[in-house]
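**Q**
There are 2 protein chains.
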Amino acid sequence: MTVLNKVNVEAQAIEAKKASKKLMVLSEVEKNDALLHLADVLEREYETILAANEKDLAAGREKGFTDAFMDRLSLSKERIADFAQGLRDVAKLDDPTGQVLSDWTLENGLQVEKVTVPLGVIGMIYEARPNVTVDATGLALKSGNAIVLKGGSNAINSNAAIVEVMHKGLEETKIPKEAVQFIASTDRAATNELFTMKEHIDVLIPRGGGKLIQAVVENATVPVLETGVGNCHIYIDKAADVEKAINILVNAKTDRPAVCNAAETLIVHKEWLAANRDALVSALQENDIQVHGDDHVLELIPGSVAAGEEDWSNEYLSTDIAVKSVDDVVEAIEHIEMYGTKHSEAIITEDGEAAQKFLALVDAAALYHNASTRFTDGGALGFGAEIGISTQKLHARGPMGLPALTTVKFLMKGTGQIR
Amino acid sequence: MTVLNKVNVEAQAIEAKKASKKLMVLSEVEKNDALLHLADVLEREYETILAANEKDLAAGREKGFTDAFMDRLSLSKERIADFAQGLRDVAKLDDPTGQVLSDWTLENGLQVEKVTVPLGVIGMIYEARPNVTVDATGLALKSGNAIVLKGGSNAINSNAAIVEVMHKGLEETKIPKEAVQFIASTDRAATNELFTMKEHIDVLIPRGGGKLIQAVVENATVPVLETGVGNCHIYIDKAADVEKAINILVNAKTDRPAVCNAAETLIVHKEWLAANRDALVSALQENDIQVHGDDHVLELIPGSVAAGEEDWSNEYLSTDIAVKSVDDVVEAIEHIEMYGTKHSEAIITEDGEAAQKFLALVDAAALYHNASTRFTDGGALGFGAEIGISTQKLHARGPMGLPALTTVKFLMKGTGQIR
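Here the protein sequences come in this chain order: A and B. Numbered according to the UniProt record's numbering, the first sequence spans residues 1 to 419. Numbered according to the UniProt record's numbering, the second sequence spans residues 1 to 419.
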């Protein structure tokens with residue numbers, strides 16, 4: 001691994017804040033031109049990035065990381081071309097800043113405009129996926145924000161090389177290269193310094209596992225955009241259509257088990273289960289889904305193991321599933337209230353009243369009637385780009401597109417008005 | 001003072017959460033009927049409230065509180081009628097929930113709606129103004145939220161009586177009385193318990209002085225809507241019209257010096273100061289404005305005292321003002337960047353370019369060109385009601401109306417869609 005100089009996180013954050021002032025007055029065309037140029041430079045300089053990536057991969061092999069982890073870490077010419085394409089896609093999106101959300105004139109003639117503006121400086125804290133380095137930078141710059149990047153230590157050489165290439169590219173654009181700051185340290189203390197830099201950083205976005213996100217939420221005084229833990233439920237109601245129910249359950253559980261919008265618990269109405277046990281059991285077996293069930297489920301579903309209290313909260317991220325049997329939709333809602341993470345929850349039913357109750361009463365970012373929870377995703381919903389999926393209620397909830405990286409200003413234009 | 005039973009804050013927060021589920025499905029008419037009924041009951045039962053208020057006033061006199069404090073604490077039949085009128089005004093406002101912000105259909109037929117919904121449970125932490133007990137309850141109930149009230153201990157008897165009357169009133173409405181919880185304790189530990197009740201409380205809103213707000217921001221893990229500290233600046237540019245400049249300065253400083261949108265610092269262009277010193281000095285003297293100036297100002301403005309570093313950050317809340325002289329608009333912007341609280345900032349100038357620069361580069365909730373900062377106020381801007389003035393960037397910035405008490409849900413209606 002490259003020997004890194006001692007970093008000065010505060011100095012870098014101050015640089016970012018200064019650069020953000022220059023960035024916020026650039027035009028949409030100037031920002032888009034810069035993104036398109038960055039895309040070209042990344043493709044042109046891919047060998048620099050791959051050489052650095054090789055160092056991270058060698059260190060990873062030595063540490064005996066899993067294949068899945070090594071795959072996430074690993075770059076190729078094609079993957080770098082994908083990063084570049086991502087930047088070109090972001091350039092095509094509408095500029096989220098400078099939008100007049102509303103405007104009116106007071107009786108005294110004072111003109112009021114509520115306008116979207118960049119947040120300022122975004123602190124991005126993430127794990128070992130080098131793509132986040134490019135994706136987050138593209139979204140930040142497009143929305144007129146500077147960014148401070150703190151990636152996982154196992155990808156540090158790859159990230160440093162990507163940022164070096166982007167810095168070189170930015171020198172040929174209107175965006176000051178200081179708008180992209182990379183904390184070149186594997187020291188956790190450097191991350192912790194970001195937590196309290198309220199003067200210089202406007203928002204922290206943690207991207208990664210539940211532990212990382214919790215550490216940021218609990219320790220940061222800088223405002224946080226909380227993303228992603230999903231303990232999602234599929235509730236199969238008494239009046240559920242069998243085919244829809246089983247298709248949706250299998251899709252939500254097995255399409256990509258490791259993502260946050262995958263189902264982790266099936267809640268099933270006891271009457272539906274009694275009537276459709278065989279169809280359900282076949283589907284579970286065909287798809288190698290391991291059931292952790294309550295006592296009633298244990299009796300009815302062969303091969304299931306007893307669910308403990310922890311199963312109701314577990315984000316398996318595998319083909320395991322917790323199964324809870326209930327007597328009605330109210331019991332299902334109460335179970336979700338107790339164990340859900342307010343991400344995505346689905347009801348499968350042909351009973352409009354039960355669906356209505358579920359959609360009105362369950363407290364979550366995304367609620368589904370007769371569809372898979374897998375659609376909670378900025379790409380699937382047509383947002384064009386996604387910073388993450390918010391499970392908080394303030395500022396942004398659910399899939400976050402570029403507007404989540406903006407705030408507002410009230411601009412008042414007068415001719416001497418006093419009160 | 002009434003002897004209070006030991007309170008169980010968590011049990012009350014759980015009650016509020018349960019009640020919020022019932023409240024969120026009520027219709028606009030049901031909520032408005034309840035608010036109108038509460039208004040009538042408050043007017044009818046005013047004597048109960050005044051009797052309790054007398055206890056707080058007696059205790060306050062004994063403690064030797066200032067006249068201003070005693071005035072804020074003091075209730076009368078007329079003030080209670082004002083509270084009732086406030087509830088009637090809130091009933092007239094549009095329901096901020098159930099608004100479809102956008103809706104679209106995916107190619108696969110999945111229907112998507114982004115709809116506003118109540119936050120759930122609001123925790124209101126405030127000082128000794130009993131009007132907040134009624135105002136905050138009205139805004140919370142109108143927006144479909146339950147509320148947990150923790151008022152200042154010096155108003156505890158008044159607040160308890162107001163809540164008792166409101167509870168009695170709610171029994172005759174569709175809103176469960178458990179939707180309004182009052183923490184009947186003068187113990188600070190009871191307040192601190194609210195800080196970390198993420199399971200039951202969705203947002204904390206501190207209303208009061210800077211110390212209270214900081215204590216909540218620093219210690220709460222529940223999300224906070226931060227309101228109100230305002231170190232607002234008036235920048236008189238080289239090209240400022242003399243009459244506009246002086247009128248605005250005097251208005252922003254003296255109209256209501258104790259409020260957060262009052263001016264605390266004058267930044268003045270040296271050339272303007274040289275040319276208009278006499279007019280400025282007369283206006284300052286006529287309005288008893290005490291100047292704390294930099295060296296240049298000390299020489300030019302008779303009677304001014306030297307400003308120390310702390311003056312640039314001081315929220316005087318009196319007719320004192322800090323005065324800083326500068327060479328251009330950029331220096332003014334840098335001063336605001338260093339010492340401002342991102343609340344309200346004004347430039348007085350006839351130079352459109354300087355105004356444009358100021359409005360684009362100063363980072364604050366409200367920016368004024370040729371008008372007084374005193375207009376940063378939900379009432380003045382026509383919002384109908386105001387929960388507070390947010391100085392944060394996420395969720396809500398500037399004066400917050402009812403929409404700040406809502407979040408969104410994505411509702412997806414399908415026919416079996418999978419991904």
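Even for Gly, the Cβ is constructed at its ideal location relative to N, Cα and C.
#1: Under DSSP, the beta strand (DSSP E) around B/G293 begins and ends at which residues?
#2: For A/T415, which residues in chain B fall below 7 Å Cβ to Cβ?
#3: What residues from the region 189-223 of chain A come within 7 Å of chain B, judged by C-beta to C-beta, listed N to C?
#4: Do B/D56 and B/S158 have their C-beta atoms within less than 8 Å of each other?
#5: Please confirm if B/V3 has its CB atom under 8 Å from at least one CB of chain A.
#6: So if DSSP puts B/L149 in a beta bridge, which residue, or which two residues, is it bridged to?
#7: Along the beta strand (DSSP E) that carries B/E103, what are the first and last residues, could you check?
#8: Which residues does DSSP pair with B/A306 in a beta bridge?
#9: Going by CA-CA distance only, name the one from B/R256, B/E113, B/I201, B/P118 that's closest to B/T376.
#10: Quick one: give me the first and last residue of the alpha helix (DSSP H) that B/Y339 is part of.
#11: Pull up the DSSP beta-bridge partners for A/Q417, would you.
#12: Once DSSP output is grouped into helix, strand and coil, what is the label at A/E264?
#13: Which whole runs of the beta strand (DSSP E) in the region 227-272 of chain A are 3 residues long or more, in chain order?
#14: For a test of the three-state rule: what should DSSP assign to B/R207, helix, strand or coil?
#15: For chain B, find out if any of its Cβ atoms is closer than 8 Å to the Cβ of A/M70; answer yes or no.
#16: Got a sec, what are the start and stop residues for the beta strand (DSSP E) A/S76 sits in?
#17: Between A/V148 and A/I201, is the Cβ-Cβ spacing less than 8 Å?
#18: What residue from B/I418, B/F383, B/G414, B/K409 has the CA that sits closest to A/K114's CA?
#19: What did DSSP end up calling B/K63 once you bin it into helix, strand or coil?
#20: How is the beta strand (DSSP E) around B/E345 delimited, first residue to last?
#21: Look up A/A220 in the DSSP assignment and say whether it is helix, strand or coil.
#22: Measuring only the C-alpha atoms, how far is A/L141 from A/L35?
#23: Chain B partners of A/N314, CB-CB under 9 Å?
#24: Can you tell me where the beta strand (DSSP E) holding A/Q111 begins and where it ends?
#25: For residue 424 of chain B, which of B/A360, B/A262, B/D320, B/V132 has the nearest alpha-carbon?
#26: Identify, in the order they occur along the chain, each residue of the same chain with its Cβ nearer than 7 Å to the Cβ of residue 421 of chain A, setting aside the five sequence neighbours on each side.
#27: What residues in the region 398-414 of chain B bring their beta carbon closer than 7 Å to a beta carbon of chain A?
#28: Report the rounded CA-to-CA distance for B/A161 versus B/A366, giving the unit in angstroms.
#29: If contact means a Cβ-Cβ distance below 7 Å, which residues of the region 385-398 of chain A contact chain B?
#30: Just to confirm my understanding: we take A/N251, look at its own chain, exclude 5 residues before and 5 after, and list those with CB closer than 7 Å. What are they?
#31: Give me the Cβ distance between A/T406 and A/I321, rounded to the nearest whole Å; I'm assuming they're in contact under 8 Å.
#32: Output, in sequence order along the chain, the residues in the region 18-29 of chain A whose CB is closer than 8 Å to any CB in chain B.
#33: What residues in its chain sit with their C-beta under 8 Å from that of A/V242, if we drop five residues either side in the sequence?
#34: Would you mind sorting A/K244 into buried or exposed? The rule is 16 or more other CB atoms within 10 Å of its CB.
#35: Hey, out of A/L38, A/E30, A/I389, A/V408, whose CA is closest to A/G401's CA?
#36: For A/T221, is the classification buried or exposed, using 16 other Cβ atoms within 10 angstroms of its Cβ as the cut-off for buried?
**A** Walking through what the data contain:
#1: Taking the second sequence and counting its residues from 1, one reaches residue 293 of chain B at position 293. Going by DSSP, B/G293 is part of the beta strand (DSSP E) stretching over 290-293.
#2: Your numbering for residue 415 of chain A matches position 415 in the first sequence. Within chain B, the residues near A/T415 are N370.
#3: Here the close residues are D202, V203, E218, T221, P223.
#4: Locating residue 56 of chain B in the second sequence gives position 56, counting from the first residue. Locating residue 158 of chain B in the second sequence gives position 158, counting from the first residue. Result yes, Cβ atoms of B/D56 and B/S158 sit closer than 8 Å.
#5: For the purposes of this step, residue 3 of chain B is identified with residue 3 of the second sequence, where counting begins at 1. Confidence in B/V3 is poor, its pLDDT being 40 and thus under 50, which makes the residue's placement unreliable; the coordinate value appears in the next sentence. Answer no: the Cβ-Cβ gap between B/V3 and chain A never drops below 8 Å.
#6: Along the second sequence, read from residue 1 onward, the residue named residue 149 of chain B stands at position 149. BP columns for B/L149 point to B/M124, B/F182.
#7: To locate residue 103 of chain B, count along the second sequence from 1; it is residue 103. Residue identity differs from the one stated: residue 103 of chain B is Asp in this sequence, not Glu. B/D103 -> beta strand (DSSP E) spans 100-105.
#8: Residue 306 of chain B sits at position 306 when you count from the first residue of the second sequence. B/A306 is bridged by DSSP to B/G293.
#9: In the second sequence, residue 376 of chain B corresponds to position 376, counting from 1. If you compare the alpha carbons of B/R256, B/E113, B/I201, B/P118 with that of B/T376, the shortest gap goes to B/R256.
#10: If you number the second sequence from 1, residue 339 of chain B lands on position 339. First-last of the alpha helix (DSSP H) with B/Y339: 329-339.
#11: Translated into the one-based positions of the first sequence, residue 417 of chain A becomes position 417. Bridge partners of A/Q417: B/A371.
#12: Walking along the first sequence from the start, residue 264 of chain A turns up at place 264. A/E264 falls in the strand class under three-state DSSP.
#13: Taken in chain order, the unbroken stretches of beta strand (DSSP E) that lie wholly in the region 227-272 of chain A and span 3 residues or more are 232-236, 263-269.
#14: As a first step, residue 207 of chain B must be located in the second sequence, where it is residue number 207. Here B/R207 sits in strand by DSSP.
#15: Along the first sequence, one-based indexing puts residue 70 of chain A at 70. So, not an interface residue.
#16: For the purposes of this step, residue 76 of chain A is taken as the residue at position 76 of the first sequence. Looking at the DSSP string, A/S76 is not in any beta strand (DSSP E), and its letter there is neither H nor E.
#17: Position 148 of the first sequence holds residue 148 of chain A. Position 201 of the first sequence holds residue 201 of chain A. Judged by beta-carbon spacing, A/I201 lies within the 8 Å limit of A/V148, meaning their Cβ atoms are closer than that value.
#18: Here residue 114 of chain A is taken as the residue at index 114 of the first sequence, counted from 1. Ranking B/I418, B/F383, B/G414, B/K409 by Cα distance to A/K114 puts B/F383 first.
#19: By one-based count along the second sequence, residue 63 of chain B stands at place 63. For B/K63, the secondary structure class from DSSP, reduced to helix, strand or coil, is helix.
#20: Taking the second sequence and counting its residues from 1, one reaches residue 345 of chain B at position 345. Unbroken beta strand (DSSP E) run through B/E345: 344-348.
#21: The residue given as residue 220 of chain A occupies position 220 in the first sequence. The DSSP-derived three-state label of A/A220 is coil.
#22: Taking the first sequence and counting its residues from 1, the one referred to as residue 141 of chain A is at position 141. Taking the first sequence and counting its residues from 1, the one referred to as residue 35 of chain A is at position 35. Going by the C-alpha atoms only, they are around 8 Å apart.
#23: By 1-based counting over the first sequence, the position of residue 314 of chain A is 314. Near A/N314 there are no residues of chain B at all, since even the closest Cβ is about 18 Å away, more than 9 Å.
#24: The count along the first sequence starts at 1 and reaches residue 111 of chain A at position 111. Its beta strand (DSSP E) spans residues 111-118.
#25: Chain B is shown from 1 up to 419; residue 424 of chain B falls before or after that span and cannot be answered.
#26: Here chain A has residues from 1 to 419 only, and residue 421 of chain A is not among them.
#27: Within the region 398-414 of chain B, contact with chain A at the beta-carbon level (separation under 7 Å) is assigned to G398, T407, V408, K409, F410, L411, M412, K413, G414.
#28: Along the second sequence, read from residue 1 onward, the residue named residue 161 of chain B stands at position 161. Along the second sequence, read from residue 1 onward, the residue named residue 366 of chain B stands at position 366. Taking the straight line joining both Cα atoms gives about 38 Å.
#29: The residues in question are Q392, K393, L394, H395, R397, G398.
#30: In the first sequence, the residue the question calls residue 251 of chain A occupies position 251. The beta carbon of A/N251 lies closer than 7 Å to those of S372, R374 in the same chain, with the five residues before and after it left out.
#31: Position 406 of the first sequence, counted from the first residue, corresponds to residue 406 of chain A. Position 321 of the first sequence, counted from the first residue, corresponds to residue 321 of chain A. Your pair A/T406 and A/I321 does not check out as a contact, with CB atoms roughly 38 Å apart and the cut at 8 Å.
#32: Residues K21, M24, V25.
#33: In the first sequence, counting from the first residue as 1, residue 242 of chain A sits at position 242. In the same chain as A/V242, and ignoring 5 residues on each side of it, the C-beta atoms closer than 8 Å to its own belong to N276, A279, in chain order.
#34: In the first sequence, residue 244 of chain A corresponds to position 244, counting from 1. Burial call: buried.
#35: Walking along the first sequence from the start, residue 401 of chain A turns up at place 401. Out of A/L38, A/E30, A/I389, A/V408, A/I389 has the C-alpha closest to the C-alpha of A/G401.
#36: Counting from 1 along the first sequence, the entry for residue 221 of chain A is found at position 221. So A/T221 ends up on the exposed side.
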